[in-house]
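Under our numbering, the letters of the sequence shown match residues 505 to 840, in that order.
Glycine included, C-beta positions come from ideal geometry on N, C-alpha and C.
Here the structure is a predicted model, which is why all the values come from computation and not from measurement.
Notes follow once the structure below has been shown.
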Amino acid sequence: MRVWKQWTDECRTTRKSGSGPRNVTSARDDRHLVRMARTDRTASSRQLAALWSIATGVSLCASSIRRRLLQCGLRARTPLYRIPLTHDHRRLRLQWANQHRDWRADWQHVVFSDESRFNLWYHDGRIRVRRYAGERHLPECIIERHSGRTPGVMVWGAIAYHRRSQLLRIVGNLNSNRYIREVLQPEAVPFLQSLPGAVFQQDNARPHTARIVKSFFAAQQVQLLPWPACSPDMSPIEHVWDVIGRRLARDPRPVASADELWVRVQTIWNALPQSDIQTLFDSMPRRVAALIAIFMKLPGKDRYAHILRNFPKNVISPYFYYLRSSSSQPYLLLMR
């Protein structure tokens with residue numbers, strides 16, 4: 505009845521402009537609050553409320569802080585994590601990308617391998633950063649994360665365009681001798697020999713680059729793909745690990761032991777559709793193009809235009825879609 509009466513009397517159903525309780529803060533106060541939030545992007549609403557009380561002598565609750573910041577376009581979001589990169593890391597990544605910018609079907613001959621660790625429990629990433637739309641890759645909106653050791657299982661696996669290897673469980677620390685004896689000899693080399701013209705990819709972990717391992721590869725005539733350091737974002741197998749981790753996290757059943765966790769990881773690995781792995785392989789030209797473009801001092805739209813000018817549209821499609829959809833892992837996709 506109230507709404508109908510308001511409509512018949514005033515020809516509207518909305519509240520009058522200016523009615524209701526007044527804001528505690530003025531427009532000037534809101535701008536000051538935004539500056540405070542942008543100064544410390546990781547400050548919580550409660551922390552900002554305490555800082556506001558100290559600076560102005562006026563109490564403001566955390567919910568009011570959140571409302572003001574939301575009205576100004578600042579929303580608390582999950583930060584983008586990355587691993588630290590030195591100048592040499594960046595230079596070698598760009599050099600590698602330029603050397604492989606013309607690869608297309610060549611990627612189908614590469615066998616990507618890696619180790620990954622799955623823990624008995626997972627952190628939920630409760631830290632948030634306040635940012636405007638389009639600010640995800642700003643340095644102040646990124647938090648570096650260093651991996652820590654918690655109870656779980658370590659596995660090794662390799663993916664090819666049409667097949668995948670058996671998943672191996674690694675107990676304890678993996679050194680170069682164990683890498684040869686437990687990974688390369690029983691699984692990796694036979695898997696490579698079953699794929700004519702295969703090129704083996706591995707990262708630059710110490711067990712992979714030891715002299716004894718290099719001598720083993722030379723004796724077995726294994727062709728290696730040069731790989732830049734600190735480049736998990738370029739390897740499609742990282743996305744496979746991410747898929748496994750997410751499916752484990754979604755499983756409501758508690759994991760009682762590392763052995764039970766190993767069974768679940770192995771089951772998910774074997775059940776992954778090969779078509780999904782092929783889609784990751786097909787993304788390699790886009791990854792390389794995006795890595796080259798990120799080093800250019802250009803706005804995002806100009807980077808996209810550069811990619812379209814220098815790479816076929818049927819291969820590089822579209823750059824922004826790739827950035828948004830292809831990586832949900834904790835690594836920064838394009839580490840400048």
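Please return the same chain residues whose Cβ sits closer than 8 Å to the Cβ of Gln-705, not counting the five positions on each side in sequence. Hits under 8 Å: Val-614, Val-615, Phe-616, Ser-617, Leu-728, Leu-729, Trp-731 and Ser-739.
Between the C-alpha atoms of Arg-542 and Ala-794, what's the straight-line distance to the nearest angstrom? Per the coordinates, the alpha-carbon of Arg-542 lies some 28 Å from the alpha-carbon of Ala-794.
Put Val-726 into one of helix, strand or coil per three-state DSSP. In the three-state reduction of the DSSP assignment, Val-726 falls in the coil class, being assigned neither a helical nor a strand state.
What does a CB cutoff of less than 7 Å around Leu-696 pick up in its chain, not counting 5 residues either side in sequence? Excluding positions up to five away in sequence, the list reads Val-615, Ala-702, Phe-704 and Val-726.
Once you ignore the five residues that flank Ser-719 on each side, which residues in its own chain have a CB closer than 7 Å to its CB? Cβ neighbours of Ser-719 beyond the five flanking positions: none.
Using C-beta distances below 7 Å, list every residue in its chain close to Cys-645, excluding the 5 sequence neighbours before and after it, in chain order. Hits under 7 Å: Arg-545, Pro-583, Leu-584, Val-633, Arg-635 and Glu-639.
Based on the DSSP output, what are the partners of Ser-620 in its beta bridges? Its beta-bridge partners are Val-659.
By Cβ distance below 7 Å, which residues in the same chain neighbour Asn-602 in space, the five residues on each side in sequence not counted? Counting only Cβ-Cβ distances below 7 Å, and skipping sequence neighbours, we find Ile-796.
Helix or strand or just coil, what does DSSP make of Arg-667? DSSP places Arg-667 outside both helix and strand once states are collapsed to three, so it counts as coil.
Out of Arg-710, Gly-661, Asn-677 and Tyr-665, point me to the one whose CA is closest to Pro-494's CA. The shown model of the chain, from 505 to 840, leaves out residue 494, and the question about it has no answer.
Gln-706 - DSSP class collapsed to helix/strand/coil: Shown here, Gln-706 sits in coil according to DSSP, grouped into three states, outside any helix or strand.
Which residues in the same chain have their Cβ closer than 6 Å to the Cβ of Arg-621, if we skip the five residues on either side of it in sequence? Here the set comprises Gly-656 and Met-658.
On the three-state DSSP scale, how would you describe Val-759? Residue state, collapsed to three classes: coil.
For the alpha helix (DSSP H) containing Val-744, name the first residue and the last one. Element bounds for Val-744: 741-754.
Should the segment 667-678 be regarded as contacting the segment 766-779, the criterion being three or more beta carbon pairs within less than 8 Å? By the criterion of at least three beta-carbon pairs nearer than 8 Å, the segment 667-678 is in contact with the segment 766-779.
Between the segment 526-542 and the segment 560-570, do three or more beta carbon pairs fall short of 8 Å? Yes, since at least three Cβ pairs between the segment 526-542 and the segment 560-570 fall closer than 8 Å, the two stretches touch.
In the structure shown, what three-state DSSP assignment does Arg-635 receive? Three-state DSSP puts Arg-635 in a strand.
Where Leu-584 sits in the DSSP three-state scheme: In the displayed model, Leu-584 falls within a strand according to three-state DSSP.
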